[in-house]
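The numbers in my numbering rise by one with no breaks, and the one at position 363 of the sequence shown is 345.
See structure below.
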Amino acid sequence: MKPPRRVVVLGATGSIGGSTLKVVARHVDRFRIAALTAGRQAEALDRLAARWDPDYVVLADGADRPQGDQWNGQWRYGRDEVKRAAADPSIPIVVNALVGFAGLESTLAALEAGKRLALANKESLVVGGELVLEAAAAGGGELLPVDSEHSAILQCLGDRPTAEVSRVILTASGGPFRDWPADRFAAIRPEDALAHPTWSMGDKISVDSATLANKALEVIEAHLLFGLDFDRIDVVVHPASIVHSMVEFRDGSTVSQLGYPTMEVPILFALSAPERLSNEFRAFDPVGASPLEFERLRREDFPMFELGVAAGRSGGTAPAVYNAANEVAVRAFLSGRLSFAGIPKLVEMALSRMPATPVESLEHLVSVDAEARSRSIESVGTQPATGGEKTP
Ligand SMILES: NC(=O)c1ccc[n+]([C@@H]2O[C@H](COP(=O)([O-])OP(=O)(O)OC[C@H]3O[C@@H](n4cnc5c(N)ncnc54)[C@H](OP(=O)(O)O)[C@@H]3O)[C@@H](O)[C@H]2O)c1
C-alpha cells in the first residue's frame, strides 16, 4: 500500500480548515497532516497540533507559542512562512483555506511548486486571474476547486471539452435575505447577515453570501477555471443547496451534481480526485428532498452581484479593486461602521476611481490591492453606520 500523501492546511483554525481535518481524520490511511497554519488563534493551533502532530505549524500573525502549550513541536512565525509552507517540497497537497487577498501568494507559491492545490480561497484566483493560471501551467500544479459549485461543474464536465458546453448554471442559496423585501435592507444588522440558512461558514464568506458578492466571485472563478466566457455562465437560486450546479451541453443534455450541503464532500474530492473514496454522508434521498425548487436571482436588489460580474468582465485589475474594497466594506459592516447598503456603494466608488488596467505582475496587484484598500478605508469614515441610509 502507498504511504499516506502529505497535506498542509493553510487556515487550519477556520471553517474550511476544520472541515478538511474532519475529512482527513476519516482517511488517515490516505492522507497525513504534515503542516498546519493559522492567522492569530495560537491556542487553537496548539490544540490542533497536539491532535495531529505535524512536522511544524505556522502562526502568521504572532511571534510566540501560547502559554501552557500542549505541543512541543516546531513553531514558525510570520506571513512569509505561510507561503513557504505552501511551497514546501516535502508536501504534495496544499489546502488553501485562507480568507481574501491574503491567500494569493500561497496560491501562486503552491502552483509554481507543482502542487495539487485544493483551493477554497477563491479570492486568490479571482484577483490573480491569469497570473494564477500561468503559475499552474508553468509549475505543472493542479488546481482543484473546493467551492461546491465548481467541484460540481468539474465533476459534471468529466473529460469533455468546454467547447461542448452551452452554459453552466451555478446555484445560489440566495443567502439570508433571499425573501426579504428590499425596503427592509436598511435595517440589516451584522448578526442577520451572519445567519446563513444552509451553510455554516466563516464571517467574511457569510457576509459575501448575504450581499451576493460571493456569487459574483464564483462567476469569475468559473470563468477562469473552465475557460468559459461570461455569457455562458448563469446563476439560479436554489434555496435548499442540494443541486450544487449544472452543466448544459450543446446536445441539450443538462448534467448536475447533487448532495446534502456539506463542504466535506467537495474537500474530499479535491484531495482524492479522480479517485472517489468512501464517505459516511447521508445518501441523497430524492423523495425526501422533493420538491427541488429554483428561483431567479434578484439582481436588482443585490448590486454586489452585478458590480462583481462587471469587474470580472472588465478583467485586469478590476477584480482586485472589487475584492479589496469588498474586504474593507465587510469588515466595516461587521464592526458597525458601515450599513449593509453601504457595502456596494463603497465598492462602486472604488471601482469608479480606479479604472481597470492590465495586470503586470504580482507586485502590481499588491500595490493595486493596497491602494484600493486605503482609499476604501478612507471612504468608510464618510459612510453612514449600520442602519443608516445616506449615500456617500
Ligand atoms: N466556509 C465555507 O463553507 C466556505 C465554502 C466555500 C468557500 N470558502 C472559502 O474558503 C476560504 C476560507 O473560508 P472560511 O469560511 O473557512 O474562513 P474562516 O473560518 O474565517 O477561516 C480563515 C482561516 O484563515 C486564517 N487567516 C485569516 N487571515 C489570515 C492571514 N492574513 N494570514 C494567514 N492566515 C489567515 C484564519 O486564522 P485565525 O482564525 O487563526 O486568525 C483561519 O484559519 C474563503 O476564501 C471562503 O470564501 C468557504
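All C-beta atoms in this analysis are idealised placements derived from N, C-alpha and C, irrespective of residue type, glycine included.
Quick check on this structure: which residue in the options has the alpha carbon closest to the alpha carbon of residue i?
i	options	result
residue 29	145, 177, 3	3
residue 155	15, 320, 243	243
residue 214	-5, 295, 175	295
residue 259	265, 240, 251	251
residue 308	336, 189, 208, 120	189
residue 312	338, 334, 355	355
residue 363	173, 271, 320, -8	320
residue 331	105, 342, 300	300
residue 284	162, 101, 31	162
residue 8	249, 288, 98	249
residue -17	12, 131, -5, 63	12
residue 140	255, 316, 246, 304	255
residue 81	20, 72, 143	20
residue 315	1, 358, 50	358
residue 148	212, 58, 173, 49	212
residue 56	40, 62, 159	40
When the Cα atoms are used, what is the spatial distance from residue i to residue j?
i	j	result
residue 77	residue -11	7 Å
residue 374	residue 327	Because the pLDDT at residue 374 is just 31, under 50, the model does not fix this residue reliably, and the value given afterwards should be weighed accordingly. Distance between the alpha carbons of residue 374 and residue 327: 7 Å.
residue 352	residue 269	51 Å
residue 134	residue 118	21 Å
residue 128	residue 200	11 Å
residue 54	residue 47	10 Å
residue 341	residue 324	28 Å
residue 177	residue 360	29 Å
residue 123	residue 38	23 Å
residue -14	residue 91	23 Å
residue 370	residue 10	Low confidence applies to residue 370: its pLDDT is 35, below 50, so where it sits in the model is not reliable, and the reading given next is rough at best. Residue 370 and residue 10: Cα-Cα distance of roughly 51 Å.
residue 235	residue 281	27 Å
residue 193	residue 346	28 Å
residue -9	residue 130	18 Å
residue 66	residue 143	35 Å
residue 372	residue 223	Summary for residue 372: the model assigns pLDDT 31, below 50, so the residue's position carries little reliability; its value from the coordinates is reported in the next sentence. For residue 372 and residue 223, the distance between alpha carbons rounds to 35 Å.
residue 288	residue 107	19 Å
residue 317	residue 43	20 Å
residue 171	residue 165	14 Å
residue 73	residue 95	10 Å
residue 348	residue 292	21 Å
residue 182	residue 226	16 Å
residue 6	residue 247	12 Å
residue 272	residue 180	16 Å
residue 240	residue 62	39 Å
Is residue i close to ligand 1? I mean its beta-carbon at under 8 Å from any heavy atom of the ligand.
i	result
residue 64	yes
residue 418	One cannot answer for residue 418 here, as it falls past the ends of the chain, which runs -17 to 374.
residue 187	yes
residue 53	no
residue -3	yes
residue 173	no
residue 378	The requested residue 378 does not occur in the structure, where the chain is confined to residues -17 to 374.
residue 309	no
residue 246	no
residue 204	no
residue 103	yes
residue 82	yes
residue 229	no
residue 39	no
residue 23	yes
residue 125	no
residue 34	no
residue 299	no
residue 193	no
residue 157	no
residue 8	no
residue 128	yes
residue 190	yes
What distance in whole Å lies between the Cβ atoms of residue j and residue i, which are believed to be in contact at a cut-off of 8 Å?
i	j	result
residue 146	residue 231	5 Å
residue 120	residue 88	That belief does not hold up - the Cβ atoms of residue 120 and residue 88 are roughly 16 Å apart, past 8 Å.
residue 210	residue 114	Not confirmed; about 16 Å, so no contact.
residue 86	residue 93	At roughly 11 Å, the Cβ-Cβ gap does not stay under 8 Å, so residue 86 and residue 93 are not in contact.
residue 290	residue 206	Not really, about 13 Å apart at Cβ, beyond 8 Å.
residue -4	residue 79	6 Å
residue 152	residue 204	6 Å
residue 70	residue 17	7 Å
residue 83	residue 305	6 Å
_Tell me whether the region 215 to 225 and the region 272 to 288 touch, counting them as touching only if at least three CB pairs, one residue from each stretch, are closer than 8 Å._
yes
*Count the C-beta pairs between the region 178 to 188 and the region 335 to 342 that are closer than 8 Å, then say yes if the count reaches three, no if not.*
no
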